Each structure stands twice: as structure tokens, then as C-alpha cells.
Amino acid sequence: MKKMYETAMINHGGRTGDVQAPNGSMKMKIEPPSIHAEGTNPEQLFAAGYASCFNGAVHHMLKEHNIESDAEVKARVSLYQLDEGGYQIGVILETSLPGVEKEEAQKIVEEAHDYCPYSKATRGNIDVEVELV
Numbered sequence: 023m024k025k026m027y028e029t030a031m032i033n034h035g036g037r038t039g040d041v042q043a044p045n046g047s048m049k050m051k052i053e054p055p056s057i058h059a060e061g062t063n064p065e066q067l068f069a070a071g072y073a074s075c076f077n078g079a080v081h082h083m084l085k086e087h088n089i090e091s092d093a094e095v096k097a098r099v100s101l102y103q104l105d106e107g108g109y110q111i112g113v114i115l116e117t118s119l120p121g122v123e124k125e126e127a128q129k130i131v132e133e134a135h136d137y138c139p140y141s142k143a144t145r146g147n148i149d150v151e152v153e154l155v
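For the sequence shown, my numbering gives the first residue as 23, with consecutive numbering after it.
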């Protein structure tokens, strides 16, 4: 396996603090999930990364199949409290492929789910649903 890229983020204060890139290119206030929060939270950050990665995989598959579409992915990340204690996240990837027949679009999102690094990382660890919208 050949490493293609590595990055890092530094957190101070956990869910009530901040996160920043070591080179200073990004800094964000972190707050627990709430509709009144002024900052972001780990679930939003995960959703942003997963939506971007998955849509990249969708575009890759579209190119592989010589299909054009302005694909859009919404990653819905939920935080669950487990009955036995602790927490877990779950993800629903809502994917829109305008102009692509439903059967072909379903094939594209399934192949993208097999290809996406985030999907590979979460497979077997959390519930991830892929929905065509």
C-alpha cells in the first residue's frame, strides 16, 4: 500500500473547544450538537468529509461508465446513545444523479460505495445506508 496523502487536525477542549490545522489554514470552534450552537461539531465534520469523499467516488464511477450527471450527495450523520452506554454514529448517504436512469444510477451508487475510502473505513463498524433520491 502506497501512502498518497496525510493530514492532521489538532483539538483542544474536546466537544467544547476548537480544532485547527497545524499550518493554521483552518480553525473552527467545536460545540456539542445543538440547534443554537455557533460552532460546528464532530458529526458535521464527519458528514462534510463523507459527503465529499462519496461524491468523489460517484463521479469516478460516472466517468468509468462514460455517464454525465451533476451528482449531489447529502451525508446525514446521526449520533446515537447506546443502551449499554457510550455512543455510536450512523450515516445515510442521499445521492442524486439527475439525468441517469434509476437502474443505472443504483449501480453507480453501489459501485461508489464499494470504492469510497470512507465507506471502506466504516464498513462493518457503523450502519451506513445508501439511498438514491
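Just so it is clear, CB atoms sit at the ideal spot from N, CA and C, and this is done for glycine as well. If you're wondering where the values come from, they're calculated on a predicted model, not measured in any experiment.
In this structure, the alpha-carbon of E153 lies about 7 Å from that of I114. Less than 8 Å separates the beta-carbon of V41 from that of I52. The beta carbon of I32 lies closer than 8 Å to those of V41, Q42, A43, P44 in the same chain, with the five residues before and after it left out. In the three-state reduction of the DSSP assignment, E151 falls in the strand class. Between the region 66-76 and the region 106-123 there are three or more C-beta pairs closer than 8 Å, enough to call the two in contact. DSSP, reduced to helix, strand and coil, places A97 within a strand of the structure shown. With fewer than 16 other Cβ atoms inside 10 Å of its own Cβ, N147 counts as exposed. With distances taken between CA atoms, T62 lies nearest to G39 out of K142, G39, K25, D92.
Taking the CA atoms as reference points, Y140 sits about 23 Å from S47.
By the neighbour-count criterion, in which 16 or more other beta carbons inside 10 Å mark a residue as buried, A143 falls on the exposed side. G112 is bridged by DSSP to S100.
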